[in-house]
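Sequences listed follow chains A and B, in order. With the first sequence counted from 1, adding 23 to any position gets you our numbering. With the second sequence counted from 1, adding 3 to any position gets you our numbering. Data block below; observations after.
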Amino acid sequence: MTTQKIINNFTIKIATTNGTGSQSANNILFKSLVRMGTATSAKNLFPSNIQGLPTWFHIRTNPKGYQAMKRFSEILVAMNPTSSGQDLGEVKEGCVVIYDSTVISIGQEKPGVTYYAAPMSRLAKDNFDTPRLRTLLTNALYLGVISYLFGVDKKIITQVVQDTFKKKQKVVDVNLKAIELGYEYAKGNFTKKDPYFYAPDNKFQNKIIIEGNQASALGCIFGGCTVAAWYPITPASSFSETLDAYAKRFRVDPATQKKKMAILQAEDEIAAVGMAIGAGWAGARSVTGTSGPGISLMNEFIGLAYYAEIPIVICNVQRVGPSTGLPTRTQQADIIKCIFASHGDAKHIVLMPGTVEESYELTASAFDIAERIQTPVLVLTDLELGMNLWASDPFKYCDKPFDRGKVLTEKDLEKIKEWGRYADADKDGIPYRTLPGNPHPLAPYFTRGTGHTQEAGYSEDPAVYQANMHRLGKKYKTAVKYLPKPLISGDKKSKFGIISVGTTHHAVVEALDTLKDKNHIPVKYLRVLAYPFHEDIKTFVQECDKVLVVEQNRDAQLMSLLKMDLDGSSAKLSSLAYSDGLPIDPDVITHKAREVFVS
Amino acid sequence: MSELTNRIGLTKKEYTALTSTMCKGCGHDSVTSCIIAACFELGIDPTKVAKLSGIGCSSKTPAYFLSRSFGFNAVHGRMPSIATGTELANHTLKLIGVSGDGDSANIGIGQFVHAIRRNVNLVYIIENNGTYGLTKGQFSATADYQAIDHYGDVNEYQPIDIVELAIELGATFVARSFSGDKQQLTTLIKAAIGHKGCAVLDVISPCVTFNNHDTSTKSYAYVKEHDIPLQELGFVPSFEEITVDYKPGEAKEVELHDGSRLILKKIKEDYDPTNRMAVLMALEKSFKEHNILTGLVYYRKDLKPLHELMNLPDRPFHEFTENELRPTRAQFEEFIKELK
């Protein structure tokens with residue numbers, strides 16, 4: 024064989040059937056590759072279904088550690104006869120196909136494609152007793168085949184299997200047996216004909232592997248969240264379920280066995296956000312986790328929290344809309360909906376992490392911001408971030424003291440004569456609040472969604488209404504200094520800029536390198552982390568001749584906000600708003616950027 | 004002469020608040036005065052009370068009692084979720100929720116149902132007049148079948164009986180009263196305050212503007228005529244060492260969670276508010292006969308309120324510090340290690 028080896032620079036796509044246990048096998052493969060130190064990322068493309076529909080898992084390894092999903096994959100592991108027609112159709116010259124020859128027949132082989140036929144279902148049938156076990160372990164079998172063909176360290180796989188199934192020795196044993204069967208079958212029957220190899224590397228050493236929803240839940244624990252109310256919805260359920268698991272682990276008082284966290288599954292999203300608002304009003308740090316349809320239901324209550332100035336955190340793991348949309352696919356189309364949730368002149372603070380580390384840190388900080396500004400803070404992630412496993416540098420311990428904001432205690436009230444719940448005492452738009460249970464005679468006030476005076480009394484007076492709304496506007500401006508600044512990188516001298524948000528980041532960083540290295544177009548890059556926008560965004564746009572705004576929705580929501588907020592910048596801004604449910608491919612950005620910057 | 008004070012040294016005036024903006028003669032104002040009387044007579048510390056409501060005439064009334072308590076007038080039909088969140092955050096507060104028939108039996112019936120299912124620690128008063136007052140006289144879901152509204156329209160739908168529904172849902176304290184019977188209502192509010200869990204009080208409270216006409220089944224005249232009190236009520240607060248005299252078989256005592264006692268003197272037949280099946284039979288019978296049973300309809304003491312079910316700490320959550328809520332560095336490092 025004369026072809027040069029291709030080491031740690033290819034993608035495996037595994038096509039399986041939902042509900043057959045392939046998720047565990049795929050995660051084991053991904054974790055094993057990260058433990059080998061290879062720069063690897065994983066994307067799970069799954070259907071809205073419990074069992075039976077096709078599902079795909081992309082495992083991409085590349086020397087630069089790019090985390091974006093490439094649509095093209097060099098290696099196909101075809102396990103699902105239902106999708107094999109499509110899967111095999113996408114295979115090109117130079118690709119490799121491993122397939123379960125018990126259930127899939129290839130027909131005419133394509134020229135230049137390497138095929139490895141392994142009768143995995145039959146091997147599972149011959150070696151395991153029950154139908155369920157046979158189905159589950161067919162997946163472990165392909166791990167063995169992959170391990171042999173591409174050189175995934177079997178010792179590491181064994182460790183990962185043991186860590187995955189920890190206390191269930193029987194499960195460990197059967198999985199290892201199936202992996203061994205696959206490995207031995209490949210060894211005995213295949214001659215390596217393709218150039219793809221994994222090799223130990225030092226690129227991803229000391230990484231942790233975590234889902235975005237897990238990271239957000241950890242952020243809640245460190246942010247001092249004590250009340251969480253939620254309603255099950257894909258792709259946000261694992262956020263609340265993980266929060267519950269972490270509360271059981273970290274929040275049970277060893278002395279009393281009482282749980283310093285209330286997590287309640289509500290009857291719907293309206294009740295969930297209502298509970299969070301009740302808790303925020305009564306002084307707890309509260310959260311509700313949801314996705315688009317839940318946000319739609321919560322709108323009326325979010326407006327109440329805005330107008331009555333009640334701190335709450337809402338984690339919105341975005342999925343594809345409109346309506347039920349594609350519940351298991353990713354999108355960034357709730358940006359405007361979240362900022363302007365509810366009727367009337369309501370507007371909200373939105374944080375938009377793009378990595379798991381940011382999910383942890385920004386979610387933790389959201390509780391400080393919510394209490395400091397006394398308003399809802401929405402943390403927008405998406406399915407890609409929330410429900411995929413990501414390799415990340417280990418998180419840092421958060422030891423920042425809570426910022427409880429302007430809360431007047433009984434002692435504070437003893438020192439002052441007058442106090443108005445909605446008075447602008449500090450001229451920054453942020454009023455002072457008291458918490459229910461404060462016994463001072465000045466403390467109690469009446470919280471309402473109706474028009475109110477500085478003292479929280481009912482009012483329809485035009486001047487009172489208008490002054491209060493303007494104060495709320497001022498408060499929104501004040502909020503900027505408490506929000507994370509945008510991140511600026513890339514070629515700082517360039518007159519060409521790209522602006523993106525959230526997980527679009529991962530495709531942008533790859534496109535930036537391609538533009539610089541292959542097209543000789545250096546570009547500077549700004550990633551938005553929060554709305555209302557920071558002044559640095561305005562400066563960034565001012566310093567550019569052309570700016571491409573990249574986001575994953577149809578109508579260019581982020582760009583619309585930029586146009587709205589940045590006077591006279593419209594002519595400079597071009598849009599790449601791309602959304603088909605799968606994470607944007609870096610090539611789409613490179614292509615568009617060339618078009619915009621070169622023309 | 005100094006004004007009369009209660010056991011914590013407060014005058015009755017200190018339990019009042021803003022002047023009501025209800026129509027003159029509105030039943031809701033009577034309910035408000037009964038809440039004031041109950042809290043004053045019990046010597047409730049108003050700073051430990053939170054008043055909650057939704058939207059509608061009834062929901063405005065928390066502004067008219069207990070000015071020294073925090074209040075929260077939320078959105079339409081969603082008072083129970085606010086109450087739930089408040090209890091989770093700080094269960095040392097006594098929660099008094101005021102809602103209406105539209106608020107709880109129409110738009111908010113889902114939250115009504117689930118607050119009961121979870122046994123939220125809430126005095127849940129529903130000021131029931133079978134009509135929408137603020138939007139001028141539409142039927143609500145508690146309007147009786149074939150009832151005639153202010154405009155002469157006939158209600159063709161079956162009514163929702165809040166009391167029967169609450170019992171079906173597993174409520175732990177269910178009472179019905181009439182805003183025209185202040186003595187009974189005040190006593191039932193006291194008992195509801197002494198109960199731990201969701202205490203549902205369906206109070207027929209006539210709307211003098213839109214539903215007090217001759218053909219109304221929620222008018223003062225109609226309710227007076229059809230009101231059948233189940234018991235003659237006596238109340239002994241926990242702080243009073245009083246023995247009540249009655250002959251054996253003549254009365255039944257219900258001891259509430261806070262140690263106070265509700266004395267149920269029999270009026271007519273043998274009515275046992277702890278026998279769920281018998282209670283539902285009695286309600287069905289009265290429904291057919293177009294009678295309104297009032298008094299303590301149903302009671303059970305053995306279920307825990309929400310915050311106890313959730314095993315929450317004794318202190319309000321806002322008092323907890325970083326050290327109490329965050330994992331230690333060692334715990335964190337251990338956690339991170341597991342993710343590798």
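C-beta: ideal position from N, C-alpha, C; glycine also.
Where residue i meets chain B, residues with beta-carbon distance less than 8 Å
{"i": "A/Met298", "result": "Ser84, Ile85, Thr87, Gly88 and Leu91"}
{"i": "A/Ala579", "result": "Here the premise fails: no neighbours, minimum Cβ distance about 33 Å."}
{"i": "A/Val250", "result": "Gly88, Leu91, Ala92 and Phe320"}
{"i": "A/Lys281", "result": "Asn314, Leu315, Pro316 and Asp317"}
{"i": "A/Ala294", "result": "Arg81, Pro83, Ser84, Thr87, Gly113, Gln114 and His117"}
Within chain B, partners of residue i - CB distance below 7 Å
{"i": "A/Ala285", "result": "Leu91, Met313 and Leu315"}
{"i": "A/Pro464", "result": "Arg71"}
{"i": "A/Asp276", "result": "Pro316"}
Chain-ordered neighbours of residue i on chain A, where CB pairs are closer than 7 Å
{"i": "B/His321", "result": "Gly306, Ala307 and Leu458"}
{"i": "B/Glu325", "result": "Gly247, Pro424 and Phe425"}
{"i": "B/Ser61", "result": "Those within 7 Å of B/Ser61 in chain A number zero; the least Cβ separation is about 15 Å."}
{"i": "B/Gly74", "result": "Phe469 and Thr470"}
{"i": "B/Val78", "result": "Glu323, Phe324, Leu327 and Gly472"}
Nearest-angstrom Cβ-Cβ length linking residue i and residue j, presumed shorter than 8 Å
{"i": "B/Gly59", "j": "B/Leu137", "result": "6 Å"}
{"i": "A/Arg395", "j": "A/Asp426", "result": "5 Å"}
{"i": "A/Gly130", "j": "A/Glu116", "result": "Going by Cβ atoms, the distance from A/Gly130 to A/Glu116 rounds to 17 Å, so no, they are not a contact pair."}
{"i": "A/Asn41", "j": "A/Thr78", "result": "5 Å"}
{"i": "A/Gly525", "j": "A/Gly377", "result": "5 Å"}
{"i": "A/Phe220", "j": "A/Lys28", "result": "5 Å"}
{"i": "B/Ala108", "j": "B/Ser143", "result": "6 Å"}
{"i": "B/Lys54", "j": "B/Ile99", "result": "5 Å"}
{"i": "B/Ala178", "j": "B/Gly298", "result": "7 Å"}
{"i": "A/Asp559", "j": "A/Lys595", "result": "Wrong, their Cβ atoms sit about 16 Å apart, outside the cutoff."}
{"i": "A/Val573", "j": "A/Leu599", "result": "5 Å"}
Assigned exposure category for residue i - 16 Cβ within 10 Å defines buried
{"i": "A/Asp540", "result": "exposed"}
{"i": "A/Met24", "result": "At A/Met24, the pLDDT of 49 sits below 50, so the modelled position is not reliable and the matter cannot be decided from this model."}
{"i": "A/Val630", "result": "In the structure as shown, chain A begins at 24 and stops at 622. Residue 630 of chain A is therefore absent and cannot be evaluated."}
{"i": "B/Thr1", "result": "In this structure chain B extends from 4 to 343, so residue 1 of chain B is not present and cannot be described."}
{"i": "B/Phe335", "result": "buried"}
{"i": "B/Glu130", "result": "buried"}
{"i": "A/Leu204", "result": "buried"}
{"i": "A/Pro155", "result": "According to the sequence provided, residue 155 of chain A is Arg. The question's Pro does not apply to it. Exposed."}
{"i": "A/Thr562", "result": "exposed"}
{"i": "A/Pro383", "result": "Rather than Pro, the amino acid found at residue 383 of chain A in this sequence is Tyr. It is buried - the Cβ of A/Tyr383 has at least 16 other Cβ atoms within 10 Å."}
{"i": "A/Ala101", "result": "buried"}
{"i": "B/Ser62", "result": "buried"}
{"i": "B/Arg332", "result": "exposed"}
{"i": "B/Asp184", "result": "buried"}
{"i": "B/Gln317", "result": "The residue asked about is misnamed: residue 317 of chain B is Asp in this sequence, not Gln. Its Cβ having fewer than 16 others within 10 Å, B/Asp317 is exposed."}
{"i": "A/Met59", "result": "buried"}
{"i": "A/Gln355", "result": "buried"}
Under 8 Å from the C-beta of residue i: neighbouring residues of chain A
{"i": "B/Ile339", "result": "Ile231, Pro417 and Phe418"}
{"i": "B/Ala66", "result": "Phe469 and Tyr481"}
Proximal chain C residues relative to residue i, where beta-carbon distance stays under 7 Å
{"i": "A/Phe273", "result": "Checking the listed chains, one finds no chain C in this structure; the protein chains it contains are A and B."}
Heavy atom of the ligand NAP within 7 Å of residue i beta-carbon
{"i": "B/Pro308", "result": "Of the ligands one can find in the structure shown there are none, so the ligand NAP has no counterpart to examine."}
Please list the segments of the alpha helix (DSSP H) lying wholly inside the region 103 to 165 of chain A, counting only runs of 4 or more residues, in order along the chain.
-> The region 103 to 165 of chain A contains these whole alpha helix (DSSP H) runs: 104 to 112 and 143 to 150.
Go through the region 118 to 149 of chain B residue by residue and report every complete run of the alpha helix (DSSP H) that reaches 4 residues or more, in order.
-> With a minimum length of 4 residues, no continuous alpha helix (DSSP H) run stays inside the region 118 to 149 of chain B.
For the region 100 to 119 of chain B, which residues have a CB atom closer than 7 Å to at least one CB atom of chain A, in sequence order?
-> So the close ones are Gly113, Gln114 and His117.
Identify each residue in the region 315 to 328 of chain A for which the Cβ-Cβ distance to at least one residue of chain B is less than 7 Å, and report them in chain order.
-> In summary, the residues of the region 315 to 328 of chain A whose CB is separated from some CB of chain B by less than 7 Å are Glu323, Phe324 and Leu327, in the order they occur in the chain.
If you measure beta-carbon to beta-carbon, which residues of the region 158 to 183 of chain B are closer than 7 Å to chain A?
-> Taking 7 Å as the Cβ-Cβ cut-off against chain A, none of the residues of the region 158 to 183 of chain B qualify.
Of all the beta strand (DSSP E) runs that stay within the bounds of the region 345 to 420 of chain A, which reach a length of 3 or more residues?
-> List check, beta strand (DSSP E) in window: 372 to 374, 399 to 405 and 412 to 415.
Select from the region 284 to 311 of chain B all residues with a C-beta closer than 7 Å to any C-beta belonging to chain A, and list them in chain order.
-> Listed by position along the chain: nothing, the set is empty.
Alpha helix (DSSP H) runs contained entirely in the region 170 to 218 of chain A, provided each spans 4 or more residues | With a minimum length of 4 residues, the unbroken runs of alpha helix (DSSP H) contained wholly in the region 170 to 218 of chain A fall at 177 to 187 and 192 to 212.
Considering only residues of the region 43 to 120 of chain B, which uninterrupted beta strand (DSSP E) runs meet the minimum length of 3 residues and lie entirely inside it, listed in chain order?
-> Entirely contained in the region 43 to 120 of chain B, the beta strand (DSSP E) runs reaching 3 residues are, in chain order, 52 to 56, 73 to 76 and 97 to 103.
Complete runs of the alpha helix (DSSP H) confined to the region 216 to 296 of chain A [at least 4 residues] = Counting only runs of 4 or more, we get 235 to 245 and 260 to 273.
Which runs of the beta strand (DSSP E) spanning at least 3 residues fall entirely within the region 153 to 212 of chain B, listed in chain order?
-> Taken in chain order, the complete beta strand (DSSP E) segments of 3 or more residues contained in the region 153 to 212 of chain B are 176 to 181 and 201 to 207.
Just by C-beta distance, which residues in the region 68 to 94 of chain A are closer than 9 Å to chain B?
-> Taking 9 Å as the cut-off between beta carbons, none of the residues of the region 68 to 94 of chain A comes near chain B.
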